[in-house]
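Engineer: Residue numbers (full-length UniProt numbering): 1 to 287.
Note that CB positions come from ideal geometry on N, CA and C, so glycine has one too.
Computed from a predicted structure; not experimentally measured.
Shown below is the structure under consideration.
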Amino acid sequence: MGAEKQKFNVGDKVRVVDNRGAPNRYAIGEVCEVESIKHDGYMEIVGKESGMYDYRFELWQPKVGDRVRFTDKCEEYWWFGPNTPHKEGVVTGPASWTGIDGNDYQFDVEVSGEPYPAYVAAEHIEPLPVAAEAQPLRIVEGRYYKTRDGRKAGPAETRDPEEYDAYPWFVPINDDNGHYVFTDEGMYSSDGVEEIHDLIAEWTEEPAAQPPTEAINDKAPSTTGFTIPPVYDEPACEKDGSTQLTVRITSDFTELHEQIDYAFERLKKLKKKARKLGIELDFAKAA
């Protein structure tokens, strides 16, 4: 028997029809480019860490509804193409049209804002990347999950699969005493109705909140590496018929003059406010 004919060629655009070979790396309907082909039909794909066998793909052919972008095979003088403002569009139908250049164009591509479609051949368009489909959640024993309304649930516990085949998981929610049971996919209800108790993702702990940063006075002198001098207050006493509060700041460190001067400037402002309240503040620098 002769060797089996190779299904695809390097550089072909292929569409995923079966992603069971690598479900976390390929989505059904995703269009890829063949990078290399092994003798047994195993193909490596551009931009993918692992490949799949050729029977999991079909050759990509533009079909109605496909979002496409124009390739560098477009002529430079065309009104659409990668070097024009009109770089992409949607395939709206097959066409059979021969241009004035004698070439056949098989596809109509609608371009947003333009009254007429772009007439192209397959080589003039390529599929826009398709976002990978989200994989369904699968409950795992001992793990924690997030409910649809944001609560923490877990750890997941298994139930008797023979007795509870539709709801094989018990997952407590926020230490609630309620009896919350779930399907393998984390659904609280198996009839397709969305519930606030549904489990939608694994729980991830939020980073610890950082303590608020105190406001910084840019004009204040830095106190890095310096200890605020001790402040002593003395009992209020009567002097000349007014109430007097004496505040005394002492320090034996001559290198703290700048910081102490700042403290006294603050005290001067406090003195003015206190005077309005009938309180006389008296302070002086101690040697």
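Where does Tyr-53 fall in DSSP's three states?
Structural biologist: Strand.
Engineer: Inspect the beta-carbon positions of Ala-153 and Val-140 and report whether they are closer than 8 Å.
Structural biologist: no
Engineer: In three-state DSSP terms, what is Leu-199?
Structural biologist: strand
Engineer: Could you give the DSSP three-state label for Arg-159: helix, strand or coil?
Structural biologist: coil
Engineer: From the DSSP output, in three-state form, read off Glu-205 for me.
Structural biologist: DSSP, read as helix, strand or coil, puts Glu-205 in coil.
Engineer: Give the straight-line distance between the Cα atoms of Thr-84 and Glu-114, rounded to the nearest whole angstrom.
Structural biologist: 13 Å
Engineer: Within 10 angstroms of its Cβ, does Lys-146 collect 16 or more other Cβ (buried), or is it exposed?
Structural biologist: buried
Engineer: Sort Pro-94, Leu-59, Gly-150 by Cα distance to Val-17 and report the nearest one.
Structural biologist: Leu-59
Engineer: Under the assumption that Val-31 contacts Gly-11 (Cβ atoms under 8 Å), give the Cβ distance between them as a whole number of angstroms.
Structural biologist: Rounded, the Cβ-Cβ distance is 13 Å, inconsistent with contact.
Engineer: In this structure, how does DSSP classify Phe-70 when only helix, strand and coil are distinguished?
Structural biologist: strand
Engineer: For Glu-141, does the three-state DSSP call read helix, strand or coil?
Structural biologist: The DSSP-derived three-state label of Glu-141 is coil.
Engineer: Could you give the distance in angstroms between the alpha-carbon of Asn-103 and the alpha-carbon of Gly-29?
Structural biologist: 30 Å
Engineer: List the whole-angstrom C-beta distance separating Val-91 from Lys-63, where the pair is believed to meet the contact cut-off of C-beta under 8 Å.
Structural biologist: 6 Å
Engineer: At the level of alpha carbons, what is the spacing between Lys-38 and Glu-49?
Structural biologist: Put simply, the backbone Cα of Lys-38 is about 16 Å away from that of Glu-49.
Engineer: Can you list, in chain order, the residues of its chain with a C-beta nearer than 6 Å to that of Lys-269? Leave out the 5 residues immediately preceding and following it.
Structural biologist: none
Engineer: Would you give the residue range spanned by the beta strand (DSSP E) that Ser-36 belongs to?
Structural biologist: 31–37
Engineer: Which residues mark the beginning and the end of the beta strand (DSSP E) in which Met-43 is found?
Structural biologist: 42–45
Engineer: Name, in chain order, the residues that DSSP records as bridge partners for Phe-182.
Structural biologist: According to DSSP, Phe-182 bridges with Trp-169.
Engineer: Given a cut-off of 8 Å on the beta-carbon distance, is the pair Arg-148 and Asp-72 in contact?
Structural biologist: no
Engineer: Straight-line CA distance for Thr-158 to Glu-185?
Structural biologist: A straight line joining the alpha-carbon of Thr-158 with that of Glu-185 spans about 13 Å.
Engineer: Distance check for Lys-5 and residue 334, CA to CA, integer angstroms please.
Structural biologist: Lying before the first or after the last residue shown, residue 334 is absent from the chain, which here runs from 1 to 287.
Engineer: Bridge partners of Trp-97, per DSSP?
Structural biologist: Tyr-105
Engineer: Could you tell me which of Cys-74, Glu-195, Val-120, Arg-56 sits nearest to Gly-150, measuring between CA atoms?
Structural biologist: Glu-195
Engineer: Which value, in whole angstroms, describes the spacing of the CA atoms of Asp-66 and Cys-74?
Structural biologist: 18 Å
Engineer: Expressed to the nearest angstrom, what Euclidean distance is found between the alpha-carbon atoms of Gly-178 and Glu-202?
Structural biologist: 20 Å
Engineer: For the candidate residues Ala-263, Arg-266, Arg-143, Lys-13, whose alpha-carbon lies nearest to that of Glu-205?
Structural biologist: Comparing C-alpha distances from Glu-205 to each of Ala-263, Arg-266, Arg-143, Lys-13 shows the shortest one belongs to Arg-143.
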